[in-house]
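Contents: one structure, followed by commentary.
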């Protein structure tokens, strides 16, 4: 009889490792967050005490709410222990045109997390096109562009844990997040935690990973291994020789400078979305936690050097901090933009940076970790004999996800009209634009993106995301030749309802800081 | 509301409190806060539900008097048509306050009576006096003091009760849809009640524990109180 998959070893801690452990344990070993008396899987996470985690990924998608809820973590506990705040989308600043030195105001648009109003009923985008001169797409179909500019929270103190008025993910302290996950996984979900150095990884005759050698814990064998070793990709890349597909020819950014800065005062508002401000050779992220901001400059080392990138980062910070910007502790990170050819080979799946990484423009890193871990948890094959059937289709989806991420990120650059550097010109060179994106763009000149442009149902980015970016950046689509009057009427009703909702929520919602203070005092209600 | 002041027999010696029930004295309440210690009396007349405090998100229990803001269906012809009026209504215009006192050199927190100085019930002509002309509390004022003490302890117990309900997942939200005889429809959202299925499935030892705390009683009082919605509807239809 075929041997069941029972013993799983996750190599590497960090957010990817602990999220995978939590999601696997919640799916197979727990019910409603409570450990089953006879857990199905033995889950072990081994991490080296000597290897520091990257700990930058500080933005999540709304999917993280579901993930945390499924793992059984209280949202109040999560928010307070991870210095987390609410993220309602990404605001792109100066992406279409560079801001002139004479100080004209910055142009910006929001890619919000809430889907357009009425999404389940009809697609408002074609109906909005006729009004594009009067109202932005984001303001016509949603509330978050307005609300996030007021630093308002997506919910009230009476809104139960993980529920919302407007869809949200989080900004968080990645180091503290790993700690919370570790504590929860080991104390509540029965995950075994080994702190030891893996000295060798062994394969059996069939090419599967058989066991690990460790410095102090002897040999550790398992039926399945999860590679969360970061960019080193020790198992999938090094042992199983899965090639790395470099995407630098499409997305040039390969370096980042990261820094943490304090708020000028304790009552400075906490931003409700990630700010992404375009620079001459990259862009700057700005993430507001309750305790500090995390800011970083992502750039292309082929187009600029570290000194200039650092100078631009400092210039960006100057107006918003009251500290000495010349003595900041700036960390340099290198990014190899790209992904492995497959994420699952033999009896090993890579999760997180071990399977690939790209610039954090749409904060897709943790979302992909969640997808990978959920996929593994939900599709875990019963035994080795049927594993290749599952891994083949998971790998297919993995590649579809990467293709979509790359094309969606590239879209932000392709639509730019900036001409202040070779960087932006190079981004618009057709040789750097994937063929399928070029075709889509041709199509979108005649019709707005719709669900038919999306390859499959569980795609990471829905058609609405493409709409928000295209029309946020002033893309011109022909007006539809015909719209049914009945649908037009309904669209008008929805536009009006959206205005009312925006005004209503503006009165109702507290600021992020006000809500977080109340949560610290009272906690969010469980229901 | 104005800032409450500490009640004292000097500034307030001539004050009287109107105890009549009327809209002009602020009795046009949709609902009021209640607590398990008075559930037995409350459930005889009013539906008991749970609601979240908009300021803190914390649950409290309420006795319901109407179907919408400022509607108290028990207020009829200048009278409150029920034998029992919840204490958080009867206490008006008094509130419980705290003050720090030095007792044998040790700082102690003492509960004291506060007064909402601009409450329409307060005057010097009619109603219940607070102090006797030559000093001393009137029985009415002593009763107010007892009432505030009961409320104080009742609310502490209520928090414990509701925390227990939440922990056992016994609270569920519900939408109350009512249709009047004239065809008018009302929908009330934001209220919570006991989930009877979860209650029925509780293991014996949990029930025993609830019983020891007195909470099993309170849970069933809450469930029984729901039949009073019928009475509210009758009042409403009779309008």
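Protein chains in written order, with this note's numbering: chain A, 4 to 530; chain B, 2 to 240.
For glycine and all other residues, C-beta sits at the position ideal for the given N, C-alpha and C.
(message) Closer than 9 Å between beta carbons: that is the criterion. Which residues of the segment 500-528 of chain A meet it against chain B?
(response) 521, 522, 524, 525, 526, 527 and 528
(request) On a CA-only basis, which of A:224, A:50, A:417 and A:167 is nearest residue 232 of chain A? Give me that one, please. (result) A:50
(message) Tell me which residues share the same chain as residue 23 of chain A and place their Cβ nearer than 6 Å to its Cβ, disregarding the 5 neighbours each side in the sequence.
(response) 13, 229, 354 and 376
(request) Answer with yes or no whether the minimum CB distance from residue 273 of chain A to chain B is below 8 Å. (result) no
(request) Assign residue 150 of chain A to one of three DSSP states: helix, strand, or coil. (result) helix
(request) Give a yes or no on whether the minimum CB-CB distance between residue 174 of chain B and chain A is below 8 Å. (result) So, interface residue.
(message) Suppose the cutoff is 6 Å on Cβ atoms and the five residues either side in sequence are ignored; what does the same chain contact list for residue 42 of chain A look like?
(response) 32 and 193
(request) Provide the residue(s) that pair with residue 119 of chain A in DSSP beta bridges, ordered along the chain. (result) The partner list for residue 119 of chain A (beta bridge, DSSP) is empty, contrary to what the question assumes.
(request) Would you mind stating whether residue 99 of chain B and residue 91 of chain B have Cβ atoms separated by less than 8 Å? (result) no
(request) Would you mind listing the beta strand (DSSP E) stretches within the segment 102-137 of chain B that are 3+ residues and don't spill past its ends, in chain order? (result) 107-116
(request) Quick one: residues in its chain with C-beta nearer than 6 Å to the C-beta of residue 4 of chain A, no 5 flanking neighbours on either side, listed in chain order? (result) With a pLDDT of only 49 at residue 4 of chain A, under 50, the local geometry of the prediction cannot be trusted, and the value read off the model is given with reservation. Same-chain partners within the cutoff: there are none.
(message) Just to confirm before moving on: does the CB-CB distance between residue 114 of chain A and residue 472 of chain A stay below 8 Å?
(response) yes
(request) Could you tell me whether any Cβ in chain A is nearer than 8 Å to the Cβ of residue 160 of chain B? (result) no
(message) Counting beta carbon pairs with one atom in the segment 177-185 of chain A and one in the segment 72-84 of chain A, are three or more of them shorter than 8 Å?
(response) yes
(request) Taking residue 76 of chain A as the query, report the chain B residues whose CB atoms sit under 9 Å from its CB, ordered along the chain. (result) Neighbours of residue 76 of chain A in chain B, taken as residues at a C-beta separation under 9 Å, are lacking, since the least C-beta distance is about 17 Å.
(message) Along the segment 130-163 of chain A, where does the CB come closer than 8 Å to a CB of chain B? Name the residues.
(response) Those would be 159, 160, 161 and 162, in chain order.
(request) Measure from the C-beta of residue 204 of chain A to each C-beta in chain B and report whether the shortest distance is under 8 Å. (result) no
(request) Kindly provide the ranges of any beta strand (DSSP E) runs that are 3 or more residues long and lie completely inside the segment 304-351 of chain A, ordered along the chain. (result) 334-337 and 341-343
(message) Taking CB distances under 8 Å as the criterion, tell me whether residue 552 of chain A reaches chain B.
(response) The requested residue 552 of chain A does not occur in the structure, where chain A is confined to residues 4 to 530.
(request) Using DSSP bridges, identify the partner residues of residue 62 of chain A. (result) DSSP output for residue 62 of chain A lists A:174 as bridge partner(s).
(message) For residue 234 of chain B, tell me which candidate among B:211, B:204 and B:186 has the shortest Cα-Cα distance.
(response) B:186
(request) Would you tell me roughly how many angstroms separate the C-alpha atoms of residue 176 of chain A and residue 295 of chain A, rounded to the nearest one? (result) 10 Å
(message) Comparing C-alpha positions only, which one of A:161, A:8 and A:186 sits nearest to residue 18 of chain A?
(response) A:186
(message) With a threshold of 8 Å, are at least 3 pairs of Cβ atoms found where one atom belongs to the segment 380-395 of chain A and the other to the segment 262-280 of chain A?
(response) no
(request) Assign residue 343 of chain A to buried or exposed, taking buried as 16 or more other Cβ atoms, counted over all protein chains shown, within 10 Å of its Cβ. (result) buried
(request) Determine the closest residue to residue 478 of chain A out of A:39, A:135 and A:218, with distance taken between C-alpha atoms. (result) A:135
(request) Return yes when the Cβ of residue 216 of chain A is within less than 8 Å of the Cβ of residue 203 of chain A, no when it is not. (result) yes
(request) Could you say which of A:27, A:345 and A:401 lies nearest to residue 239 of chain A if we only look at CA atoms? (result) Among A:27, A:345 and A:401, the Cα nearest to that of residue 239 of chain A is on A:345.
(message) For residue 210 of chain B, tell me which candidate among B:165, B:149, B:57 and B:32 has the shortest Cα-Cα distance.
(response) Considering only alpha carbons, the answer is B:165.
(message) Excluding the 5 residues flanking residue 155 of chain A on each side, which residues of the same chain have their C-beta closer than 8 Å to its C-beta?
(response) 275, 508, 509, 512, 513, 514 and 515
(message) Beta-carbon within less than 6 Å of residue 528 of chain A's beta-carbon, same chain only, minus the 5 sequence neighbours each way: which residues are those?
(response) 163
(request) Using a cut-off of 8 Å between C-beta atoms, extract the partners of residue 60 of chain B located in chain A. (result) 528
(message) Is residue 207 of chain B close to chain A? Criterion is C-beta to C-beta, closer than 8 Å.
(response) no
(message) Could you check whether residue 372 of chain A and residue 382 of chain A sit closer than 8 Å to each other, using their CB atoms as the reference points?
(response) no
(request) Would you mind working out which of A:243, A:254, A:133 and A:73 sits nearest residue 436 of chain A, comparing C-alpha positions? (result) A:254
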